[in-house]
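J.: For the sequence shown, the positions run 1184 to 1440 when the numbering used here is used.
Beta carbons: idealized from backbone N, C-alpha and C, even for Gly.
This structure is a prediction, so every number in the text was calculated from the model and none was measured.
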Amino acid sequence: MKALPQPPPLNFEADEFALFLDIDGTLLEHAAHPDAVRVDDDLLALLQAAERQLGGALAFVTGRSIAAVDRLFAPLRLPAAGLYGLEHRLSANGPVEAAGEPADIAALAEEIAAEFDGANVYIERKGPILALHTRAAPQLLARAIRLVEQALDRLPPGYRVLPGNAGVELMPLEAAKGAAIRRFTELPAFTGRRPVFLGDDTSDENGFQAINEDGGIAIRVRPQGDTLAPYGLGGVPEAISWLKRCAGYPPTKAASS
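So this is what it looks like as structure tokens:
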């Protein structure tokens, strides 16, 4: 794949941009277990500065639940689309539109957990979404994908399987980051601004498509294979450095050399 150019530095204080951020693999390095990641004070301060400069036009768009996001980033409670847009908090510190776990997904989760009993696969139950994380056992990814795909025949219509870099998720068709981003762009804090989205996985491609269609800036972190994003950043450190430049942080010695 041809290397993607780095995105141009933006000025968050220019009243031009709305920023949408994936979390895992974009702001935080992946871990074998989703609860093993930590948010440091430097990242919290960066997000607070960016939200202030953007006039509140900053939102998380993530596969995590909003409750999980709030635990990670406490005390910060930014606007957020959780579970790929099945949950929303449309304003900072506002109420959460949550999503419950259907009975058929609960039963499937129990069945798959029994199938992988003793294996180093983490089964994450996120309401209507079932995620199998194989980062600690990459040799089991193909088996996990096969099990979830076979389960589609036994579920009601309206679900899809989304394989990722280190796992697979089963989710309702309406779970799509692009739709979540479009919902935010209709809100007063976001409307009229050029949307910018940073993501790192196949689940973010739908968001990149929406951004491109709206004339925005789509950025894939650690790009692998084909992507709809015209820009790329090498990894989480590069994404954080780029965000700091956009927020007006002084360049580090390494960045300026």
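#1: What did DSSP end up calling Pro-1355 once you bin it into helix, strand or coil?
#2: How big is the Cα-Cα spacing for Asn-1395 and Arg-1377?
#3: Taking the straight line between their C-alpha atoms, what separation do you get for Ala-1393 and Leu-1315?
#4: Looking only at its own chain, which residues have a Cβ that is under 6 Å from the Cβ of Ala-1264, when we skip the five neighbours before and after it?
#5: Using a Cβ-Cβ cutoff of less than 7 Å, which residues in the same chain neighbour His-1213 once the five nearest sequence positions on both sides are dropped?
#6: Examine the Cβ distances between the stretch 1317 to 1336 and the stretch 1267 to 1286 and report whether three or more of them are shorter than 8 Å.
#7: Apart from the five residues just before and just after Asp-1253, which ones in its own chain have a Cβ nearer than 7 Å to its Cβ?
#8: Leu-1269: which of Arg-1403, Asp-1287, Ala-1250 sits nearest, CA to CA?
#9: What are the complete beta strand (DSSP E) segments, minimum 3 residues, inside the stretch 1191 to 1216?
#10: Hey, how far is the Cα of Leu-1356 from the Cα of Gly-1399?
#11: Taking DSSP as the reference, what is the three-state secondary structure of Glu-1280?
#12: Within this structure, are the beta carbons of Glu-1149 and Gln-1236 separated by less than 8 Å?
#13: I believe Leu-1187 touches Pro-1420 by the beta-carbon criterion, under 8 Å. Please report the beta-carbon distance rounded to the nearest angstrom.
#14: Ordered along the chain, which non-local residues of its own chain (more than five positions away) have a Cβ less than 7 Å from that of Leu-1426?
#15: Output the boundary residues of the alpha helix (DSSP H) element that contains Ala-1219.
#16: Is the distance from the Cβ of Ala-1372 to the Cβ of Ala-1240 below 8 Å?
#17: Report back the beta-carbon spacing between Gly-1301 and Glu-1284 to the nearest angstrom; my notes put them in contact at under 8 Å.
#18: So, with DSSP's three-state summary, where would you put Pro-1346?
#19: Are there three or more Cβ pairs, one per stretch, closer than 8 Å when the stretch 1326 to 1340 is compared with the stretch 1286 to 1297?
#20: Taking the alpha carbon of Leu-1255 as the point to measure from, which residue in Ala-1201, Leu-1345, Leu-1227 has its own alpha carbon closest?
#21: Let's test the definition: count the other Cβ atoms within 10 Å of the Cβ of Ala-1201 and tell me whether it reaches 16, buried, or not, exposed.
#22: For a test of the three-state rule: what should DSSP assign to Phe-1447, helix, strand or coil?
T.: Taking the coordinates as given:
#1: strand
#2: 10 Å
#3: 26 Å
#4: Val-1244, His-1271, Ala-1363
#5: Asp-1207, Arg-1318, Ala-1349
#6: no
#7: Arg-1260.
#8: Ala-1250
#9: 1200 to 1204
#10: 24 Å
#11: strand
#12: Here the chain comprises residues numbered 1184 to 1440, so residue 1149 is not present and cannot be evaluated.
#13: Not really, about 17 Å apart at Cβ, beyond 8 Å.
#14: Leu-1229, Ala-1233
#15: Ala-1219 -> no alpha helix (DSSP H), and no H or E assigned at all.
#16: In terms of Cβ geometry, Ala-1372 and Ala-1240 form a close pair [threshold 8 Å].
#17: Not confirmed; about 24 Å, so no contact.
#18: strand
#19: yes
#20: Leu-1227
#21: buried
#22: Residue 1447 is absent from the model: the chain starts at 1184 and stops at 1440.
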